[in-house]
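In this note's numbering, the protein residues as written are 4 to 289.
Ideal Cβ placement from N, Cα and C applies to all residues, glycine included.
This one's a predicted model, so the numbers in the text were calculated from it and none came from an experiment.
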């Protein structure tokens, strides 16, 4: 029983759910200028956790054939045979529906709609698009950037320009992050016919241009909240420092095109996001 429960938990990708929750709660905190309702925050966390977990399960259900071909995914619960495809499909649908119901009843309709939109774009658009077009990375960055909007909507019942800035930062940030992954996993992606830039352009010239472009524009995009009055000097200095550091690592990766520098960029992008969030919280609080 313990192994079965562990397999179901693994299927939900807890670490990704946790990161999504962090961005959602940040949106709630900034939108409400603090925690204005603990019960709403509680139901927001539960609802978003379930819908995101459900989307992850449904994604793995749809990609089970391809996951079995890739080294980094062949041991996932479905391709390894620990969970059947039908059981995973049922589990994913239940998680998604229960999560959406909680958000609709206990939070508000806008938050529920944004979660539904995230699930639809991730499962029904991004997932199949990986086998059709290299634009899947950009399209997939949209559902990845929606969670803070859901948090903002939960706190305010609406969306505004400042909420859009959170979306934009997350949207731009995902490109260098996932291009680094695409370079590291290009052989696996090629086996499955995934149309990543690192696959359709083996030399990587286009992908490297995109990597450098998004890393560069992330620097000015990240400080837009300073000019709208949402954040101040502390955030501005910190965002510029970490943004320029990631840009420097990106250009190093573009120059060398090595596995080691791809890993450095991946680590830098993972470090960047929580640092930006911490800076926002510190700046708005103090």
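Are the beta-carbon atoms of residue i and residue j separated by less than 8 Å?
i, j, result
"residue 272", "residue 198", "no"
"residue 168", "residue 228", "yes"
"residue 152", "residue 170", "yes"
"residue 252", "residue 267", "yes"
"residue 183", "residue 269", "yes"
"residue 166", "residue 34", "yes"
Helix, strand or coil: how does DSSP classify residue i here?
i, result
"residue 233", "coil"
"residue 135", "coil"
"residue 188", "coil"
"residue 161", "coil"
"residue 35", "coil"
"residue 80", "coil"
"residue 26", "helix"
"residue 258", "helix"
"residue 197", "coil"
"residue 54", "helix"
"residue 149", "coil"
"residue 40", "coil"
"residue 127", "helix"
"residue 228", "helix"
Assign residue i to one of two classes, buried (16 or more other C-beta atoms within 10 Å of its C-beta) or exposed (fewer than that).
i, result
"residue 281", "exposed"
"residue 89", "exposed"
"residue 73", "buried"
"residue 150", "buried"
"residue 102", "buried"
"residue 212", "exposed"
"residue 4", "exposed"
"residue 178", "buried"
Along the chain, where does the alpha helix (DSSP H) that runs through residue i open and close?
i, result
"residue 274", "262-288"
"residue 68", "67-70"
"residue 211", "208-225"
"residue 96", "88-105"
"residue 74", "No alpha helix (DSSP H) holds residue 74; DSSP gives it neither H nor E."
"residue 118", "112-123"
"residue 16", "Segment: none, residue 16 is in no alpha helix (DSSP H) and carries neither H nor E."
At a threshold of 7 Å, does residue i count as lining the ligand COA (C-beta to nearest heavy atom)?
i, result
"residue 263", "Although the ligand COA was asked about, the structure shown includes no ligands whatsoever."
- Message: Quick test of the definition: if touching needs 3 or more C-beta pairs under 8 Å, does the stretch 102-116 touch the stretch 157-167?
- Response: Yes, the stretch 102-116 is in contact with the stretch 157-167.
- Task: Decide yes or no for the touch test of the stretch 54-74 against the stretch 122-134: beta carbon pairs closer than 8 Å, at least 3 of them.
- Result: Verdict: yes, contact present.
- Counting Cβ pairs closer than 8 Å, one from the stretch 5-21 and one from the stretch 65-83, do we hit at least three? Taking 8 Å as the limit for Cβ pairs, the verdict is that the stretch 65-83 does touch the stretch 5-21.
- Message: Is it the case that the stretch 212-219 contacts the stretch 246-260, given that we only count it when at least three CB pairs across the two stretches are under 8 Å?
- Response: The count of Cβ pairs closer than 8 Å, one atom from the stretch 246-260 and one from the stretch 212-219, reaches three, so the stretches are in contact.
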